[in-house]
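Counted the way this note's numbering counts, the sequence shown spans residues 65 to 496. The block underneath contains the structure these notes are about, expressed in structure tokens.
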Amino acid sequence: EKDYLKAWYVRNVAYATNDTYGISDYYTDSLRSKLADILQINKETKTTIYQTTLAHHPALDFYSADGTLVVFTDEDVATYQEIWQDGLLVAKKRASTSFKVMMLLEDGFWRIRHLVAIKGHSGAKVDSKQAENYKIVENSKGLNYYPSKSAWDTFGANFNEEIISKDFSQIGEMGLNMIRIFVPYEDFGKATVDPDKLKKLQNLLDIADTYDIKVLVTLFDFYGNYELMDWTLTHRHAQTIVTKLKDHPALFGWDIKNEPDLDFESRTQENVLAWLEEMITRIRTWDPEHPVTIGWSSATAAKHLADQVHFVSFHYYKEPSEFVKTYKELKERVGGKSILLSEYGYSSYSGFWNLYTGSETNQADYYEIMQNQLIEEKLPYLFWTLFDFDEVPNSVVGRLPWRKERQKRFGIITVDGERKSAYQYLDKSGLK
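See the structure below:
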């Protein structure tokens, strides 16, 4: 099976480069000749095919007595393909196809002799269930969560269940019912998910369930590749996490990626959206019961793929006076889809690096205005964030002090555990 999957990878690389390098190790003479002909035609027509396979399900049909021939069926091979000509994208396709495969053992290598498609269907459209409107989000009120001493490192060496339990107890006492957390792609092991990290994630959900708090899990934090050759790796990562947690009672849903629109310029909008669209499809396959969303950095970006998520999420860090107008414009664009304001907040840092504009008083004024507007518009929300932080990693905002110092003071509780003035506007315990 390993050689078979490598053969697919080598073929995909050959299509992407129009080069036969590696083909001889995984295909017999007859198939090598056919592949070489295809690559030659592609060169002459200036065509490049970028393709990846996302799921394989091989089942043995026949294995010869001498151990040199095997026949099997690979059911529902999920593929995504882009065809480029003269530097322009001319077609893209999703498909699920089954193949009859024959492999021969030659010179110590298992090589594919026959690879024949036997049935298939286009997968270009997302299941209609993905367009359903999940009204449950409309009752949500909560925050983006990091432990006070583990900013951007919830599941690291300082993971402490007692601290998390204390935090969740306070969140529950505030009358809040949801948190949004972040799963870093590389830190969790990329394609091979670290079982210890996964256990910590599960333990966090266990604690949340104790306090009747739902958890919106944001996947792929700090990920930014999106290239087709990386798709299979990211899908294995997501599949491991989603299938492990999909039956957990504290799970609210899946936020596929935090602020992916910030990668549009460096990775191209087309690549980012294609990756997101395929990830939506796969997560809905692995977990058809929980809603899926995307945490866009702005209301403007949140129009993307709105018809494919269960509810629309966006972030807002601009002036409160412009918020209602911005929200209503988004509401009109997404046609009645439920909307979640999944990040908003105000830094109380008042030093030089924030031009002396921040203060705890200004932060309280900000939240008083914003909360009144959110109540008036009946808009669910997750504010940023509960705690101030002593340290913010360079990987989050870089080394520039005007970014780091400001980011440390978005909490409504100080590093010493004191409640700021803004706390009163986010404490909903009196409304229970």
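All C-beta atoms in this analysis are idealised placements derived from N, C-alpha and C, irrespective of residue type, glycine included. Note that this is a predicted model, so its numbers are computed, not measured.
Cβ of LYS367 within 8 Å of Cβ of VAL388?
no
Kindly indicate which three-state DSSP category LYS496 falls into: helix, strand or coil?
At LYS496 the pLDDT is 42, less than 50, meaning the model places this residue with poor confidence and gives no usable figure here.
Who does LYS183 pair with in a DSSP beta bridge?
According to the DSSP secondary-structure assignment, LYS183 is paired through a beta bridge with SER162.
Among LYS98, PRO248, PHE375 and GLU393, nearest to GLY220 - alpha-carbon criterion:
Distance check between GLY220 and each of LYS98, PRO248, PHE375 and GLU393 places PRO248 closest, using alpha-carbon atoms only.
Contact belief for HIS374 with TYR408 at Cβ below 8 Å, rounded distance in angstroms:
With 8 Å as the limit, HIS374 and TYR408 do not qualify as a contact, their Cβ atoms being about 21 Å apart.
Determine the DSSP secondary structure at PHE387, reduced to helix, strand or coil.
helix
ILE113 to ASN82 span [Cα, whole Å]:
8 Å
Measure the alpha-carbon distance for GLU386 versus THR364 and round it to whole angstroms.
13 Å
For ASP491, which residues of its own chain have a beta-carbon under 6 Å away from its beta-carbon, when the five flanking residues on both sides are left out?
MET238
Sequence-distant residues of the same chain with beta carbon closer than 7 Å to ASP125, five excluded per side
VAL135, PHE136 and THR137
Identify which residue in THR111, GLY172 and GLU65 has its Cα closest to the Cα of TYR79.
If we check each option's Cα against that of TYR79, THR111 comes out closest.
Considering Cα atoms alone, identify which of HIS312, ALA486, GLU139 and GLY131 is closest to GLU424.
ALA486
May I ask you to report which of helix, strand or coil DSSP gives LYS321?
DSSP, reduced to helix, strand and coil, places LYS321 within a strand of the structure shown.
Quickly, what does DSSP pair MET242 with across the bridge? List them, please.
GLY206 and LYS278
Tell me whether ASP351 is buried or exposed, calling it buried when 16 or more other Cβ atoms sit within 10 Å of its Cβ.
buried
Span separating the alpha-carbon of LYS308 from that of PHE316
Here the C-alpha atom of LYS308 lies approximately 14 Å from the C-alpha atom of PHE316.
Neighbourhood of ARG300 by C-beta distance below 6 Å, restricted to the same chain and skipping five residues each side:
Closer than 6 Å at the Cβ level, and outside the excluded window around ARG300, lie ALA255.
What does a CB cutoff of less than 7 Å around SER229 pick up in its chain, not counting 5 residues either side in sequence?
Scanning its chain for C-beta atoms nearer than 7 Å, with the 5 sequence neighbours on each side dropped, one finds around SER229 the residues ILE271, in chain order.
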